[in-house]
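Reading through the structure tokens given below for one structure.
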Amino acid sequence: GAEKALFRALKTRSKTPKYGLLYHVTFIGRAGVKNKGRISRYLANKRSIASRIDCFSG
1 GAEKALFRAL KTRSKTPKYG LLYHVTFIGR AGVKNKGRIS RYLANKRSIA SRIDCFSG
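Anchor point for the sequence shown: position 46 equals 46 in full-length UniProt numbering, and the numbering is continuous, going up by one each time.
Take a look at the structure:
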């Protein structure tokens, strides 16, 4: 997904995307401007841990 978005931005000569899909979730959208990146990283880390647990626990 990130690679596709990067090449799309390069092809159309627009700005490269700074954040992924998690940045546009309503939960993060309600956060303050200063905390959006921090909460996005936190949520991504928790999702990563949950997927690892799901993958290796079974």
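Heads up, the beta-carbon is just placed ideally off N, CA and C, and yes, glycines get one too.
Burial state of S14 is exposed, judged by a 10 Å Cβ sphere holding fewer than 16 other Cβ atoms. Distances from the CA of P17 to each of G37, R41, R30, A5 were compared; the closest alpha carbon is that of A5. Under the Cβ criterion (8 Å, minimum of three pairs), the region 47-57 does not count as touching the region 23-37.
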